[in-house]
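In order, the protein sequence lines correspond to chains U and L. Numbering of the first sequence is given in my numbering, commencing with residue 310 and proceeding in unit increments. Numbering of the second sequence is given in my numbering, commencing with residue 310 and proceeding in unit increments. For glycine and all other residues, C-beta sits at the position ideal for the given N, C-alpha and C. These numbers were taken from a predicted model, which means no experiment stands behind them. One structure is given below, encoded as structure tokens.
2 protein chains.
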Amino acid sequence: MSDLLIKNCKILQTGASRTAILPQHDIFVRGNRIEAIQPTGQADESHFRMVIDAKGMLAMPGLINTHSHVPMVIFRGLAEDVSIEKWFNDYMWPLESNLQAEDVYWGMQLGLAEMIEAGVTTVADHYFYMDEAAQAVEKAGTRALLGWAMFSSNGLEMIEKTGEFVQRWQNAANGRIRTIMAPHAPYTCDDEFLRASAKKAAELGVGIHIHASEEMGQTRASLEKRGLTPIQVLQQTGILDLPVILAHGCGLLPEDIELLSRYPTGVACAPKTYLKLAMGMTPVTELRQAGVAVGLATDGAVSNNTLDIFESLRLMAMLQKDRHGSPEVMTIPEALNIATRGSATVMGMADQIGALEPGYLADIILVDLNGMHHQPLHSITASLVYNTRASDVQTVIVDGKIVMKDRELLTLDKAEIVAQVQRSMERLAQRQPNRRIQVYNP
Amino acid sequence: MSDLLIKNCKILQTGASRTAILPQHDIFVRGNRIEAIQPTGQADESHFRMVIDAKGMLAMPGLINTHSHVPMVIFRGLAEDVSIEKWFNDYMWPLESNLQAEDVYWGMQLGLAEMIEAGVTTVADHYFYMDEAAQAVEKAGTRALLGWAMFSSNGLEMIEKTGEFVQRWQNAANGRIRTIMAPHAPYTCDDEFLRASAKKAAELGVGIHIHASEEMGQTRASLEKRGLTPIQVLQQTGILDLPVILAHGCGLLPEDIELLSRYPTGVACAPKTYLKLAMGMTPVTELRQAGVAVGLATDGAVSNNTLDIFESLRLMAMLQKDRHGSPEVMTIPEALNIATRGSATVMGMADQIGALEPGYLADIILVDLNGMHHQPLHSITASLVYNTRASDVQTVIVDGKIVMKDRELLTLDKAEIVAQVQRSMERLAQRQPNRRIQVYNP
């Protein structure tokens with residue numbers, strides 16, 4: 310007896326430079342894994358506990374958000390049209406001084422609901438009060454890699470504290486929850502703190518999720534202050550020896566890219582944030598050419614302002630063409646490869662998620678390409694990159710379980726989440742003079 | 310007796326540098342115009358033939374697409390990841406040699422259906438077989454400014470022919486259809502043809518819709534070949550003396566902007582096309598500073614690949630920040646002003662559409678901002694620019710008539726349109742050697 314049969318769908322398969330669409334196939338799910346994929350018509354439906362008829366749908370791997378601060382959705386819309394310095398010092402860091410544990414619990418649920426509705430099944434989250442974030446993931450039924458953000462100003466004891474969080478939640482929720490150490494950035498964590506973070510991560514057998522070289526100004530400031538790029542700082546403090554998710558990298562120099570190619574680092578690209586904050590752009594093409602994995606991300610909703618990986622995919626692809634002055638750069642197969650296998654590699658899960666193949670975890674989304682904005686469907690893959698909206702995602706399966714069916718969430722209560730979040734809007738929106746959790750001065 | 314009461318909605322009002330949201334108001338519609346706007350609670354519902362309860366919705370002016378080739382939706386997805394030269398010479402212009410009148414009829418309906426679903430109520434369309442396009446607009450119930458595209462190679466008699474189209478359809482469908490002369494571009498129309506087009510347009514009392522300075526390569530080529538920018542060519546041939554919709558302008562020089570500021574020209578900005586084809590970007594901020602009206606556009610779906618003005622709005626705003634290296638450029642109020650009054654001005658209809666005010670045409674969309682990707686709604690205007698998806702548009706009213714209610718199209722038959730369009734997919738996708746409608750060699 311298998312658990313789930315998804316029948317009658319087209320299936321997206323992504324390779325390094327080519328993409329295939331299997332026509333009319335079935336996906337067999339046993340437990341939390343894909344057991345088999347075969348042409349429709351051979352399955353005995355009585356052998357499955359549940360059958361989904363996915364006629365007219367495209368099945369693809371659940372989308373992966375390789376860098377976010379999901380609970381920040383509670384602040385969205387509160388910091389618009391301001392410089393990156395003001396964004397941190399006058400808005401975000403003052404606002405975050407209002408944060409309480411229960412805000413994270415409800416904010417995480419809100420963001421997870423938004424992501425499920427957009428086909429995002431896995432997220433690398435980097436925030437505060439992460440026990441509450443983990444509880445929300447447990448409830449939502451999705452997959453997450455959670456790191457408790459920390460700064461030098463928290464003191465070295467914070468490394469112990471977040472290390473305990475790592476141990477508490479590693480492989481919880483049937484393995485859906487994994488953990489990571491999350492020092493904030495080289496400009497908010499001094500070398501001693503970075504070294505101690507790396508040591509703790511190695512001791513616990515986990516990786517590091519960190520912001521670095523977010524934009525070129527940071528790189529220049531680091532070079533001026535100490536003669537090292539932020540990436541060289543990460544190397545010297547031992548961070549790069551670990552599996553690292555490096556967020557943004559819009560300020561990477563060619564020598565940084567060469568350096569990263571020698572370490573197990575993946576880079577998270579969140580293009581909408583970079584446009585909105587005029588940060589430049591991750592050198593995606595150059596990183597890939599150097600052999601560095603790149604994944605898609607949204608960053609937090611105060612810069613993005615949504616958590617929509619289809620939008621990140623589209624923007625990333627178009628902006629590579631734009632940056633290189635060539636429409637031939639970042640082809641549709643390469644963009645889809647980044648969105649699936651690239652992001653899975655950044656998460657350290659290349660053999661577990663990001664592909665629909667036997668043995669992979671059953672994180673599957675069904676996308677409806679029948680809308681007027683897709684028709685006539687001359688190219689399914691072009692439509693996936695350039696036409697697909699979050700609202701085209703119909704059904705979402707994570708770890709073999711259905712979390713959204715025909716756009717109805719099965720694990721989260723939207724009305725309750727919205728009510729809870731709206732209750733705190735006024736308190737959360739207050740900005741008090743000189744009350745901030747950090748100062749931005751890279 | 311009035312015709313329609315839209316009660317209980319928030320209303321977006323856009324000024325040049327600020328935006329207001331009226332809370333809980335009613336919109337009274339008489340005939341095809343807005344009669345009054347007042348706080349909810351004062352209307353006698355028995356005085357209205359129809360009442361829409363828009364509780365929880367935001368009412369805003371119907372979106373305007375200031376430059377498209379709508380029927381090109383039938384080719385979407387057929388020209389990806391190729392240079393602009395190949396896009397024209399190896400894809401688009403060979404593909405368009407397959408075009409038949411009925412393709413335009415069904416393609417226009419498909420594109421109009423997509424646009425209605427995305428809240429677009431008015432389009433400036435520049436294509437072929439425009440009688441069929443006009444029939445589709447008549448049926449859809451939307452508003453359009455239609456121009457029959459022409460090249461020098463069609464001969465001067467084409468100007469007469471498309472002039473007849475102009476006269477045939479001007480102010481048809483209760484004024485919903487207006488017409489314009491549409492010479493393709495300075496690089497496909499010689500000076501004699503441009504002069505004759507301008508003369509005919511003046512004679513007919515209509516404007517000109519033309520591509521020019523689409524990217525910097527065209528400007529350079531024009532300067533090399535004849536010592537004039539494409540904009541100077543338009544000036545010398547008398548085109549600029551007329552009301553002009555100028556598509557793209559990514560190759561505008563500072564002197565072109567100064568020149569345009571002295572003429573009744575508006576510029577249509579279709580940012581997604583520019584990214585996909587690496588064309589640069591319309592200098593929106595500079596044009597506005599010089600007093601030139603700018604509107605939002607999608608261009609055709611073979612470059613875009615959708616007809617989504619919310620996406621154009623978001624991209625335009627973000628890319629101005631990116632281009633100027635400053636998040637403070639192109640604020641939310643200015644972006645919304647461009648999307649509403651700016652686009653209306655480009656269409657030559659600044660006193661008719663693009664605002665919800667008494668006396669304006671009743672082109673109104675109701676947008677649902679209750680989705681998880683908007684919550685909590687700290688800023689309605691931020692959500693409109695950065696969070697809103699086409700799928701958030703619930704109800705669409707054009708010329709006082711409802712064309713979409715709760716996402717159900719009332720004027721067009723989606724199943725029939727898709728069936729008709731799919732029937733011709735194979736024929737339309739053929740590319741035959743040396744069969745093309747033009748050659749791109751600016």
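Using a Cβ-Cβ distance cut-off of 8 Å, determine whether Arg529/U contacts chain L. No, Arg529/U does not count as interfacial toward chain L.
Whose Cβ in chain L lies nearer than 7 Å to the Cβ of Ser692/U? Within 7 Å Cβ-Cβ: Gly386.
Please determine, among Met734/U, Lys714/U, Val730/U and Thr690/U, the residue with the shortest C-alpha to C-alpha distance to Arg327/U. The candidate whose alpha carbon is nearest that of Arg327/U is Thr690/U.
Determine the DSSP secondary structure at Phe502/L, reduced to helix, strand or coil. DSSP places Phe502/L in helix when its eight states are reduced to three.
By DSSP, does Gly536/L sit in helix, in strand, or in coil? In the structure shown, Gly536/L sits in coil (DSSP, three-state: anything other than H, G, I, E or B).
Give the interface partners of His376/U over in chain L, defined as CB-CB distance under 9 Å, in chain order. Taking a Cβ-Cβ cut-off of 9 Å, His376/U has no neighbours in chain L, whose nearest Cβ is about 18 Å from it.
Please confirm whether Leu584/L and Ile540/L have their CB atoms less than 8 Å apart. For Leu584/L and Ile540/L, no; Cβs fall outside 8 Å.
Quick one: which residues of the segment 622-635 of chain U get their C-beta closer than 9 Å to a C-beta of chain L? List them in chain order. Among the residues of the segment 622-635 of chain U, those with a Cβ less than 9 Å away from any Cβ of chain L are Arg623, Leu624, Ala626, Met627, Leu628, Lys630, Asp631, Arg632, His633, Gly634 and Ser635, in the order of the chain.
Per DSSP, what are the beta-bridge partners of Met713/L in this structure? Val705/L and Leu718/L, per the DSSP bridge assignment.
Taking DSSP as the reference, what is the three-state secondary structure of Glu354/U? Here Glu354/U sits in helix by DSSP.
Near-chain L residues of the segment 418-430 of chain U (beta-carbon distance less than 7 Å), N- to C-terminal order: Answer in chain order: Leu419, Ala422, Glu423 and Glu426.
Just to make sure I have the definition right: I need the residues of chain U whose C-beta is within less than 7 Å of the C-beta of Ser753/L. Which are they? Since the first residue shown for chain L is 310 and the last is 751, residue 753/L is missing from the structure and cannot be characterised.
Using only the alpha-carbon positions, how far apart do His378/U and Tyr414/L sit? If I take the Cα positions, the gap works out to 47 Å.
Identify the continuous alpha helix (DSSP H) that holds Gln476/U and give its terminal residues. Counting along the chain, the alpha helix (DSSP H) containing Gln476/U begins and ends at Glu466 to Trp478.
Reference Asp715/U; option with closest CA among Ala427/U, Asn743/U and Met417/U: Here the closest residue by C-alpha is Ala427/U.
Using the beta-carbon count (16 or more within 10 Å), is His683/U buried or exposed? Counting Cβ neighbours within 10 Å, His683/U comes out buried, since at least 16 surround it.
Using beta-carbon positions only, say whether Gly604/L and Gly634/L come within less than 8 Å of one another. Inclusion of Gly604/L and Gly634/L in the CB contact set at 8 Å is not warranted, their separation being larger than that value.
Which class does Ser570/L belong to by DSSP, given the choice of helix, strand or coil? Of the three classes helix, strand and coil, the one that applies to Ser570/L here is coil, per DSSP.
Kindly list, in the order they appear in chain L, the residues whose Cβ is closer than 7 Å to that of Asn646/U. Correct list: empty, because the minimum Cβ distance to chain L is about 14 Å.
Between which residues of its own chain and Met588/L is the CB-CB distance below 6 Å, once the five residues before and five after are set aside? The answer, listed in chain order, is Glu524 and Cys559.
Cβ of Val753/U within 8 Å of any chain L Cβ: With chain U covering 310 to 751 only, the question about residue 753/U has no answer from this structure.
Look at Ala422/U and Met681/L and say whether their C-beta atoms are less than 8 Å apart. The Cβ-Cβ distance between Ala422/U and Met681/L falls below 8 Å.
If you drop the 5 nearest sequence neighbours on each side, which residues of the same chain put their C-beta closer than 7 Å to that of Thr546/L? The residues are Asp500, Leu503, Arg504 and Ala507.
If you run the structure through DSSP and keep just helix, strand and coil, what is Glu344/U? If DSSP states are grouped into helix, strand and coil, Glu344/U belongs with the strands.
At a Cβ cut of 7 Å, what residues of the segment 722-735 of chain L count as close to chain U, listed as they run along the chain? Of all residues in the segment 722-735 of chain L, only Lys723, Val727, Val730, Gln731 and Met734 place a beta-carbon less than 7 Å from a beta-carbon of chain U.
Decide if the segment 661-674 of chain U is in contact with the segment 619-627 of chain L; the criterion is three or more beta carbon pairs, one per stretch, under 8 Å apart. No: fewer than three Cβ pairs fall under 8 Å.
How is Asn696/U classed by DSSP in three states: helix, strand or coil? Of the three classes helix, strand and coil, the one that applies to Asn696/U here is coil, per DSSP.
Do Val432/U and Ala410/U come within 8 Å of each other at the CB atom, strictly closer than that value? For Ala410/U and Val432/U, no; Cβs fall outside 8 Å.
Name the chain L residues whose beta carbon is nearer than 7 Å to that of Gln684/U? Per Cβ cutoff of 7 Å: Leu419, Val727 and Val730.
Within 9 Å of chain U by C-beta, residues of the segment 445-457 of chain L in sequence order: Correct list: empty, as no residue qualifies.
Which of the three DSSP states is assigned to Ile618/U in this structure? The answer is helix: DSSP assigns Ile618/U an H, G or I state.
Could you round the C-beta distance between Gly386/L and Ser688/U to whole angstroms and report it? I think they count as a contact, below 8 Å. Confirmed, about 3 Å.
Just by C-beta distance, which residues in the segment 388-411 of chain U are closer than 8 Å to chain L? Contacts with chain L (Cβ-Cβ distance below 8 Å) from the segment 388-411 of chain U involve Glu389, Asp390, Val391, Ser392, Ile393 and Trp396, listed in chain order.
Residues of chain L with CB closer than 8 Å to the CB of Ile336/U, please, in chain order. By Cβ distance, chain L contributes nothing, its closest Cβ being about 25 Å from Ile336/U, past 8 Å.
Give a yes or no on whether the C-beta atoms belonging to Leu376/U and Ala579/U are separated by under 8 Å. A small correction: the amino acid at residue 376/U is His; Leu does not occupy that position in the sequence shown. Result yes, Cβ atoms of His376/U and Ala579/U sit closer than 8 Å.
Check the Cβ of Lys319/U against every Cβ in chain L and list those closer than 7 Å, keeping chain order. Simply none; closest approach about 15 Å.
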